[in-house]
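Participant:
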Amino acid sequence: MVGDKGAEQAPQGAGDASRLLLELRFPAAAVELQAVRRAVREALAPCCAEQEICCAVLAVNEACMNIIQHAYGEEEQGEIILQIYDAGEALLFRLIDFAEPVDLSRIKSRCLEELRPGGLGVHLMNSVMDECTFLKCPDGVGNVFQMVKKKRMRRNDDVSDT
Amino acid sequence: MYPTHKAGDYLVIALNGEVDLYYSPRAREQILGALESGAHVLVDLSAVEYIDSSGVASLVEGYQLAREKGLRFALVGVSQAAMQVLQLARLDTVFPIYEDLDAALAAAAQGQGSADERAGP
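First to last, the sequence lines map onto chains A and B.
This note's numbering puts the first residue of the first sequence at 1, with every later residue one more than the last.
This note's numbering puts the first residue of the second sequence at 1001, with every later residue one more than the last.
(1) Please work out which residues of its chain come closer than 6 Å, Cβ to Cβ, to ASP1020 (chain B), disregarding the five sequence neighbours upstream and downstream, and give them in chain order.
(2) Put VAL1078 (chain B) into one of helix, strand or coil per three-state DSSP.
(3) Taking the beta carbon of ALA45 (chain A) as the centre, do at least 16 other beta carbons fall within 10 Å, making it buried, or is it exposed?
(4) Against ALA30 (chain A), what residues of chain B qualify as contacts under a CB-to-CB distance less than 8 Å, listed in chain order?
(5) For chain A, find out if any of its Cβ atoms is closer than 8 Å to the Cβ of VAL1048 (chain B); answer yes or no.
(6) Under the rule that 16 or more other beta-carbon atoms within 10 Å means buried, what is PRO1096 (chain B), buried or exposed?
(7) Excluding five sequence neighbours on each side, which residues of the same chain lie with their C-beta closer than 6 Å to the C-beta of LEU1086 (chain B)?
(8) If the cut-off is 9 Å on Cβ atoms, which residues from the region 1079-1103 of chain B count as contacting chain A, listed in chain order?
(9) How many Å lie between PRO1003 (chain B) and ARG25 (chain A) at the Cα?
(10) Is it the case that the Cβ atoms of ILE84 (chain A) and ILE67 (chain A) are separated by a distance below 8 Å?
(11) Please name the residue, chosen from B:SER1037, B:GLN1064, B:PRO1025 and B:ALA1104, that lies closest to GLY1055 (chain B) on a Cα-to-Cα basis.
(12) Does DSSP put ASP161 (chain A) in a helix, in a strand, or in coil?
(13) Taking beta-carbon pairs under 8 Å, can you tell me which members of the region 1022-1047 of chain B lie near chain A?
(14) From the beta carbon of ASP1009 (chain B), is the nearest beta carbon of chain A less than 8 Å away?
(15) Should ILE1013 (chain B) be flagged as near chain A, meaning a C-beta pair shorter than 8 Å?
(16) Have a look at the DSSP bridge pairing and note the partners of CYS132 (chain A).
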């Protein structure tokens, strides 16, 4: 896994005040996910409350799973780029892959009244994030999936005063 | 392999650590394998630090197979991290969940804990 942490640059469409907290480029493989979750947790620890970190870790993990399982599929080898930006009032998570563009009509959160093993990932992402959208790829190759989480708590809001 | 032990007429499968896309296939294999062999299954989630939708899917598959076979299937000692995901998936009211092994065994002695007792969605 290749990681660059703490670089200062503004993402396209995320405002000039955005700060890159984390950028990782890693193989789209299940074995990588544990390290990705650790990196997300470490990147957010200085600026987010524990509950927000848990939500972010869950959503990023599910988004990576979707890329591994559905964008690339079992046969295809590929890479994922994860970028996390602090955009002031919100955190912005961007996942970039180089697979065939996904058919957006096939992505839907399943009805939870229907008990079946698959299809929970989209629901989990939508539950913990404020926005989940696919952005238009600049060069028409691959997919850019963006999630936005509005900040609601300061770092120490989940620590009780004594 | 996740550790297992017998408790009453249950086989207890103790998942642990991070049950994600990499590790959930072995959880699924063990849970379904135990049910296929006719065992009542308790899945101990007390040492689970993280579970994603693939891990939850393994539990759902186990629950469904138990219902098909008329076996008991329940979760015990669900860690906070696991419960958070079950609640987000609204599965915390679907699975029979017990605080600990003693509670699960006491419920079994009273004839509770069958996977088909709960109507489920």
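Ideal Cβ positions, reconstructed from N, Cα and C, are used throughout, including at glycine.
Facilitator: Judging by the given coordinates:
(1) Answer for ASP1020 (chain B): ASP1052, listed in chain order.
(2) Note: VAL1078 (chain B) maps to coil in three-state DSSP.
(3) When all chains shown are included, ALA45 (chain A) counts as exposed.
(4) Neighbours of ALA30 (chain A) on chain B, chain order: ASP1020, LEU1021 and TYR1022.
(5) So, not an interface residue.
(6) When all chains shown are included, PRO1096 (chain B) counts as buried.
(7) So the list reads ASP1092, once near-sequence residues are dropped.
(8) Those would be ALA1081, GLN1084, VAL1085, LEU1088, ALA1089, ARG1090, LEU1091 and VAL1094, in chain order.
(9) The straight-line gap from Cα to Cα measures roughly 35 Å.
(10) The criterion of a C-beta distance shorter than 8 Å is not satisfied by ILE84 (chain A) and ILE67 (chain A).
(11) Among B:SER1037, B:GLN1064, B:PRO1025 and B:ALA1104, the Cα nearest to that of GLY1055 (chain B) belongs to B:PRO1025.
(12) Note that ASP161 (chain A) scores a pLDDT of 38, beneath 50, so its modelled location is shaky; the value from the coordinates is reported in the next line. In this structure, ASP161 (chain A) counts as coil in the three-state DSSP scheme.
(13) For the region 1022-1047 of chain B, the set of residues with a beta-carbon nearer than 8 Å to any beta-carbon of chain A comprises TYR1022, in chain order.
(14) ASP1009 (chain B) does not count as touching chain A.
(15) The Cβ of ILE1013 (chain B) sits no closer than 8 Å to any Cβ of chain A.
(16) DSSP output for CYS132 (chain A) lists A:MET147 as bridge partner(s).
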